[in-house]
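Colleague: Chains as they are written, first to last, in our numbering: chain A, 1 to 290; chain B, 291 to 580; chain C, 581 to 870; chain D, 871 to 1160; chain E, 1161 to 1450; chain F, 1451 to 1740.
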């Protein structure tokens, strides 16, 4: 069960409206690697967790924190969209391309041309659970597999892609208020990368999971002949120089063998004949159907 | 530029048709973590790669291999769908629930009720680029961010989730031919997990990337006060026991501080007034609009 | 900012596993009218709210409650999926079609054939943010328009469609634990329908919004000739009997006029010529392009 | 069965082309709340209707009218896209930001940069069944539940959100021809809001449906203890002042009770152990799998 | 502007309910190649048509007819879903697998397990604008490009894929009422294939379009060296035997040349360096960012 | 099994960066009719092919070639995005609207406002598998039905729509390097239109398929009365002049009959009563549910 406190987790107040930046900022709210993705991923991983309590509790801690990050971004975007036409014209004229483009022009054109039009027509100056091109957030951005190593690896990825996107957005604005909020999100992403990496280490230390993931599946059932072969399917041999193509495998269970010209081990596929009742094209004409 | 060889990379021949299993197997062909996802992810990461040649070449090697995996799965599924109604009835009657359900029943019902209906109506006994519930593959399953650490972390995840799903599918069938193919895919996933983990190590050894990712963004620009704080937003203190809540951070750059009752650091948000031209609901009635 | 308490808002414990029902129950978790939809709708309406504080606070109250409903449903579904194959076989044999179908059959077949296959392959016995056919939740199920009357009408709808679906699901199970949880959700939906209807009344009483919505747009700018005409475009005159086709309009601003054979008031459309640079098909052949 | 008349229901002719506005106007053609949504919603509600003939006939009347609205918008958009480069340059230079931006620039750049690129590349100056960000219309925007109260509430919402969006679009243009068409759509939305509100009243008067919806489900099966409780999950007590938190419920069946600190009524959830065959992470290490 | 007549274009009445078949039949209502797709495709092609009046009128004729086909299918599906549990049990027991599976089982299980669960929970025994796996219809199934040859080729395809699916569905049922309706749809698809093929011939006869499409683009601007080369990128030389690999091209403008081992004509791609402000991985470590 | 060669199939090198054009060019990479669509369509058609070897081999040849086209476009787009801000400003100022808009403006604004923001934030100057409005590629753009005539008709369409889009894109740029690459793609589309048209002819010559497709379904099972009737559902009789409305049908099997006022041949639909357990609205009030 959840409760909400009125204050935000951190400041989310821009120095001035900037509807074009509002469009861009949507990426880390409702995009593939945005805050809704981590919020929903962590909550479902927690609700589905059947492992030790310390992991479950940790997942719920961070999942709950992320609801607050979604809140901060939505609040920030709503304020970035508060462009009074008159002020917007004046500000824009000073320091941005929009201003340059706007001499004598209708202000509505300028605002809407650079914006996500749905920020006017659909939300009326509010944030939306979509990304920077207006594509709606969807649940296939998340995963809760029941296997914590597989999932924590996803979580490290999400915090990395997310921090990468925030760092790019940091450089797309000079608004001090926006940058202040982003500096907070960057810091939390740093913590969360560390948190999930620590959790992966702990899973191994606790004997619960290891590489290859899932470790509970008996490795002898795989075709071990090719478990540690590096297969080179692309012209060029630069890849041979990497640590992935020689020496011991990272999981400590094999020795990598580099195969320059991987042989085909399978047959030439031969599908069975067409079922005539499905009107597929057969190898030879069917007898007349009349 | 690409070429194709007629033989498959490995055997893909079931002992007998099984249309219900064909539906399930679609998950690792066209699902979120299926072979199309890794094929497309790696190809785009390679095509967009601006880093050292050994990485780019390696990415293209594995991307090209994955096209062959998609081929194997599509071929396998097409054969699993080759249920001649008569044979299907006989086989099914022996050892599966479908047989049990089929005494005296119309065979078409049995085949289609347990199947993905599109395997009959749309593909006419062929594989489709969709997952096990018939949802079409889409490109938001992939990422090619230009930052290799962020992307390789995704790749480790994909090989982990993929191997997990294959291991589950292994146990949902007893068909020796299918299991033979799956044992190959499991082994390659083992290799590929190792490969991406090795590549991550090498990125760090080469001084190109490290935690927190992206490492080229100056960490001093983040709000370092909260970069290494563990914030506990969920009742229960089990999470305090984990390595993520104490000691040095995994990146070696901070000391974790556990915060039992995280304070709100932000303001109570206060949005600006409604722009009357957008017909939002204001705080007080507008003067009469007539 | 949000906090989480360990206890659920209400009981969510089934008497026994039932993976087929788990698939069905997903509808009110991650479907068009499920709990994720109302949670996300209300949270965004609240975060974007520029109206009086009592409305905003009310929206946040209910938005926060809904996170807890998502939690209850996810927890319930995870437990419905806990079918140990052996127990499942025994239970099923007693009182459901799955049992009937399973004599001598492989248990894996039975479990998976009736289930959403992703409940095995993807989530490993966990809930997913998808609906009963496995379609992922997406943000186009929500609306936060900034106009409270438009949005509250949506909210009444969501609570009505949601309660309708829960009432259907109530009758698709006889599990007492499940029904207990559903009886709670039904009651809350009753409250929430009343809550949004009361809020609509209050908007009107406060002079903030009324019909036609949005009321801040000057009605004189619309083509008032047709504002209160009932136009009959479909054969049959039963529709003439309804209150919508005669008397005063509900908004009290017009008198309805029934038009049996609506005249076309517009022109026969005539598009301009093709821009030859776009290779559209023109009215007459272009001169030779060579 | 349907027939089509050549004239449009109302004028749909812009004074001049405006490709940027064409992009915006797509929202009310193919967006979540656009004319395709109401057309398809009403048609399916009518085709699925099992209630009294007067309702079904009314639903079909309006559903058929909406096909004509889709036609008007598509026709309008096609004409807005008829910008001859030369004329466009001249017009634009006079009164819009595009002109300001275009001195000495290539006209193709100006047209395409401000447009939806698919209006050039895909449709070649034609309308598309998509919204203002190019997202395709999809059927999850519709509902036909079989319960008329639930559905008519949706319909009131759709006419409200739709009229709101049209009113915003009205202010984003000064083209007299466009505004003329919008004034017609606004008026019809006024009628349709009244129409559905009247239908809701009539459903109640006919004894067919009432609040809580669905009314045919026995209310005694819900957990009546919480059917009329206002639960305050968010800090702040402003919500206590509203009509939703005190007095009689709108449905006349209960008295609202305000609960300032809602108690958790459920258990701390405890999921069962992992099924080892699904490779989830267990509470304790499994015995070695080798 | 459109009108509706009460009678259906053709009979749409099943002999008996069959909810599993209802699920399958959805494919040709709301699937990729279903009636909604052709209805929307033709209507938009007509509304966007800038070519001769005879084409535009023809497109509108067929587009309007297709609305009536959608109506027939929706009506049929609603009736197929009218399974009174008792009757369903009796019917099913006689001649289908559902009956076989249902001895002693709860009827609700049987109905829902074989059905699309949304046919119960969401539509309450009504049709939905979705396909046979429950995936919602979306507008990317349509095309209206402004070039009639490109579009009419699509239309021939749609009528072919559609007739193929109907023919498969014909064989999945023995219900005489359903087959009667399908025999009508099959016949109309025959007509419509002929209609579009005739229209393609006429476009060429009228000098408006020809192969290669679009014919208004000057062919001399293409790299004519490879315009008529057959390039063999896949092992095996069977493809050499086909008419596509020798002789004159179908458009009469070239002679086909078979190239057994297609040479690469391009460079080894070399992307430029990373923009450091985007945090991509560079070829060499950036100077320390601190 | 697939291999990759380092060189591209043809040149893919722009003269200079152009991020706005990069956005537009995405359409033919990841759009409905882009190269990913044909690549995936052909590969799946080949893998599912049960017809004569010459067809299968031909399909695989072209499917493999298309992977190389995807590669060329991705490479081109990555280079178009390599705008160093300084150079971009200088170039832009010379000859495009972006330059005009940029005097004194912040360069980041200019780059991002005209771009797809995901080209900065998500891919960091790389291509993405999406279309020109950022909508992700999805597998419902493809078809592999098992019936070659139906599928080859799709393929002709895809090569026509694709060539049409490339020809439009050709005119939206003056970059010689881009135009060089497009001239190659145009030529290959010319070949591929011819190739699929030749394959259709050959299918007929081989006696495998013909109109009406599918030809293996006995035509006598369709309602032959209406197989060759032209039905005019739209006002206006221009359509009567076309070859589709008179004379022999293209398939040579019928004589077209023009029907000016198509009669309804079906009944007025009458759905059965509501199942009370589904809470649909009935014709008359149910007895009190309490």
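Note that the Cβ used here is the ideal one computed from N, Cα and C, for glycine as well.
Since we're looking at a predicted model, the values are computed, not measured.
What is the rounded straight-line gap between the Cα of residue 295 (chain A) and the Cα of residue 26 (chain A)?
Modeller: In the structure as shown, chain A starts at 1 and stops at 290, and residue 295 (chain A) therefore has no counterpart that could be examined.
Colleague: Can you tell me where the alpha helix (DSSP H) with residue 453 (chain B) in it begins and where it stops?
Modeller: Start and end: 438-461.
Colleague: Since residue 4 (chain A) is in the beta strand (DSSP E), which residue starts that stretch and which ends it?
Modeller: Element bounds for residue 4 (chain A): 2-4.
Colleague: Below 7 Å between beta carbons: does that hold for residue 716 (chain C) and residue 140 (chain A)?
Modeller: Their beta carbons are under 7 Å apart, which means residue 716 (chain C) touches residue 140 (chain A) by this criterion.
Colleague: If you draw a straight line from the C-alpha of residue 835 (chain C) to the C-alpha of residue 1205 (chain E), how long is it?
Modeller: The alpha-carbon atoms of residue 835 (chain C) and residue 1205 (chain E) are separated by roughly 39 Å.
Colleague: Give the straight-line distance between the Cα atoms of residue 509 (chain B) and residue 156 (chain A), rounded to the nearest whole angstrom.
Modeller: Looking at the two C-alpha atoms, the distance is approximately 18 Å.
Colleague: Let me see if you follow: with CB-CB separation under 7 Å, is residue 11 (chain A) close to chain B or not?
Modeller: With 7 Å as the cut-off, residue 11 (chain A) counts as an interface residue toward chain B.
Colleague: Could you tell me whether the Cβ atoms of residue 1199 (chain E) and residue 1226 (chain E) are closer together than 7 Å?
Modeller: Contact: yes.
Colleague: Does the CB of residue 931 (chain D) have a neighbour CB from chain C at under 7 Å?
Modeller: So yes, residue 931 (chain D) belongs to the interface.
Colleague: State the Cα-Cα distance for the pair residue 1066 (chain D) and residue 780 (chain C), rounded to the nearest angstrom.
Modeller: Taking the straight line from one Cα to the other gives about 16 Å.
Colleague: Bridge partners of residue 426 (chain B), per DSSP?
Modeller: Answer is B:420.
Colleague: Just verifying my parser: in three-state terms, what is the DSSP assignment at residue 55 (chain A)?
Modeller: Helix.
Colleague: Can you check DSSP and say which residues form a bridge with residue 1415 (chain E)?
Modeller: BP columns for residue 1415 (chain E) point to E:1408.
Colleague: Which value, in whole angstroms, describes the spacing of the CA atoms of residue 1453 (chain F) and residue 294 (chain B)?
Modeller: Their backbone Cα atoms lie some 6 Å apart in a straight line.
Colleague: Between residue 885 (chain D) and chain A, is there a C-beta pair that is closer than 7 Å?
Modeller: Answer no: the Cβ-Cβ gap between residue 885 (chain D) and chain A never drops below 7 Å.
Colleague: In three-state DSSP terms, what is residue 1681 (chain F)?
Modeller: Correct three-state label for residue 1681 (chain F): strand.
Colleague: Could you tell me whether the Cβ of residue 291 (chain B) comes closer than 7 Å to any Cβ of chain E?
Modeller: Yes, residue 291 (chain B) counts as interfacial toward chain E.
Colleague: Would you say residue 894 (chain D) lies against chain A (beta-carbon separation less than 7 Å)?
Modeller: It does: the Cβ of residue 894 (chain D) has a partner Cβ on chain A nearer than 7 Å.
Colleague: Rounding to the nearest angstrom, what Cα-Cα distance links residue 1129 (chain D) and residue 1119 (chain D) in this structure?
Modeller: For residue 1129 (chain D) and residue 1119 (chain D), the distance between alpha carbons rounds to 15 Å.
Colleague: Could one say the Cβ of residue 467 (chain B) lies closer than 7 Å to chain A's Cβ atoms, at least one of them?
Modeller: Closer than 7 Å: no.
Colleague: For residue 1060 (chain D), report the span of its alpha helix (DSSP H) as first-last.
Modeller: Segment 1046-1075, the alpha helix (DSSP H) holding residue 1060 (chain D).
Colleague: Would you kindly check if the distance between the Cβ of residue 442 (chain B) and the Cβ of residue 433 (chain B) is under 7 Å?
Modeller: It is not a contact, given that the beta carbons lie outside the stated cut-off.
Colleague: So, does the CB of residue 356 (chain B) fall closer than 7 Å to a CB anywhere in chain E?
Modeller: Not one chain E Cβ lies under 7 Å of residue 356 (chain B).
Colleague: At the 7 Å Cβ level, is residue 628 (chain C) part of the contact set with chain D, yes or no?
Modeller: So, not an interface residue.
Colleague: If we ignore side chains and look at the alpha-carbon of each, how far apart do residue 1030 (chain D) and residue 1381 (chain E) end up?
Modeller: Taking the straight line from one Cα to the other gives about 52 Å.
Colleague: State the Cα-Cα distance for the pair residue 1020 (chain D) and residue 744 (chain C), rounded to the nearest angstrom.
Modeller: Distance between the alpha carbons of residue 1020 (chain D) and residue 744 (chain C) is about 8 Å.
Colleague: Quick one: any contact between the region 548-562 of chain B and the region 4-13 of chain A, if contact means 3 or more CB pairs under 8 Å?
Modeller: These segments touch.
Colleague: Is residue 1186 (chain E) helix, strand or coil by DSSP?
Modeller: Note: residue 1186 (chain E) maps to helix in three-state DSSP.
Colleague: Quick one, which of B:347, B:313, B:344 and B:352 has its alpha-carbon nearest residue 331 (chain B)'s?
Modeller: With distances taken between Cα atoms, residue 331 (chain B) lies closest to B:352.
Colleague: Helix, strand or coil, according to DSSP, for residue 571 (chain B) in the structure here?
Modeller: Coil at residue 571 (chain B), not helix or strand.
Colleague: Apart from the five residues on each side of it in sequence, which residues of its chain come closer than 6 Å, Cβ to Cβ, to residue 1043 (chain D)?
Modeller: Correct list, in chain order: 891.
Colleague: Can you name the start and end residues of the alpha helix (DSSP H) that residue 333 (chain B) belongs to?
Modeller: Looking at the DSSP string, the run of the alpha helix (DSSP H) that includes residue 333 (chain B) is 325-337.
Colleague: With distance defined between alpha-carbon atoms, name the residue in F:1478, F:1481 and F:1518 nearest to residue 1493 (chain F).
Modeller: For residue 1493 (chain F), the nearest C-alpha among the options comes from F:1518.
Colleague: Taking contact to mean at least 3 C-beta pairs separated by less than 8 Å, is the region 513-522 of chain B in contact with the region 184-192 of chain A?
Modeller: At 8 Å Cβ cutoff, the stretches touch.
Colleague: Quick one: Cα of residue 992 (chain D) to Cα of residue 1171 (chain E), how far?
Modeller: If you take the alpha carbons of residue 992 (chain D) and residue 1171 (chain E), they lie about 38 Å apart.
Colleague: Closer than 7 Å, CB to CB, is residue 1689 (chain F) near chain C or not?
Modeller: Chain C, which has no Cβ nearer than 7 Å to the Cβ of residue 1689 (chain F), makes this no.
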